[in-house]
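> My questions will all concern the structure given below.
Numbering (the working numbering), first residue to last: 1344 to 1579.
Quick look at the structure:
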């Protein structure tokens, strides 16, 4: 099972301490969850200066991201509010751009992807919450470069209004396994420990499911066909 540091580290280590899980290694990538834009927003010049966050200070930029529900401001579409709470509204305040931008919350991950399609059809800019690795790695997506994250910068972690404009932390993507897996399936476990995906590979598999409508089994078969040499190395 894949385990993201940003959301699963504490329960992962807790399960290891209790003897239920083992750490089978990490994938060859860095995970990231952040606000960003589809590449076509940058290509079409809707906010000159992106991906540097200071481009968001421009009123001309912000107006290109306004929607019917944003009160004339540029809109950031966050994930469901239960994902991060007030992190992004507080970030706008910390960066001093809450007069130009507002945060709205999507009802689900699928609503984020629907927004990508809608914005492109309407010819308007969109800033959405996203993560990598994801299917958007294949489609083309750029994360906005905010001030670096450090422990304690966010308001909810003891930070101040002056520090809460920081970006998001980056992390690992580990492989978790049941404590009995090496004994019950030793060959499969050996393969599992050697298997290491990079971000484009995970993006490829996710794109096959989320964009091309493949089943998980079909996406797996397509990946095996496209990466047979690499998989054979993991098997040996």
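Ideal placement from N, C-alpha and C gives every residue a C-beta, glycine not left out.
Since the model is a prediction, treat every value here as computed from it, not as a measurement.
(1) If we call anything under 9 Å between Cβ atoms a contact, is residue 1346 one with residue 1518?
(2) Using DSSP's beta-bridge definition, name the partner residues of residue 1471.
(3) State buried or exposed for residue 1371, treating a residue as buried only when at least 16 other CB atoms are found within 10 Å of its CB.
(4) Are residue 1444 and residue 1408 touching if we call contact CB-CB under 9 Å?
(5) Whose C-beta lies closer than 6 Å to the C-beta of residue 1375 among residues of the same chain, with five residues either side of it excluded?
(6) Measure the C-alpha to C-alpha separation of residue 1400 and residue 1456 and round it to an integer number of angstroms.
(7) Spatial neighbours of residue 1574 within its chain, please: CB distance less than 7 Å, with the 5 preceding and 5 following residues excluded, ordered by chain position.
(8) Just to confirm the assignment, what range does the alpha helix (DSSP H) spanning residue 1518 have?
(9) Within the same chain, show all residues whose beta-carbon is closer than 6 Å to that of residue 1495, passing over the 5 residues directly before and after it, in chain order.
(10) Can you tell me the Cβ-Cβ gap for residue 1413 and residue 1436, rounded? I've got them flagged as a contact below 8 Å.
The relevant details are as follows:
(1) Cβ distance < 9 Å, so residue 1346 and residue 1518 count as in contact.
(2) BP columns for residue 1471 point to 1379 and 1420.
(3) Burial call: exposed.
(4) A contact, by the Cβ cut-off of 9 Å.
(5) Non-local C-beta neighbours of residue 1375 in its own chain, meaning closer than 6 Å and more than five positions away in sequence, comprise 1475 and 1513, ordered along the chain.
(6) For the pair residue 1400 and residue 1456, the Cα-to-Cα distance works out to about 26 Å.
(7) Counting only Cβ-Cβ distances below 7 Å, and skipping sequence neighbours, we find 1567.
(8) Residue 1518 -> not in any alpha helix (DSSP H); beta strand (DSSP E) instead, spanning 1516 to 1521.
(9) Excluding the 5 residues flanking it on each side, residue 1495 has same chain C-beta neighbours closer than 6 Å at 1501 and 1502, in chain order.
(10) No, residue 1413 and residue 1436 are not in contact; Cβ-Cβ is about 16 Å, not under 8 Å.
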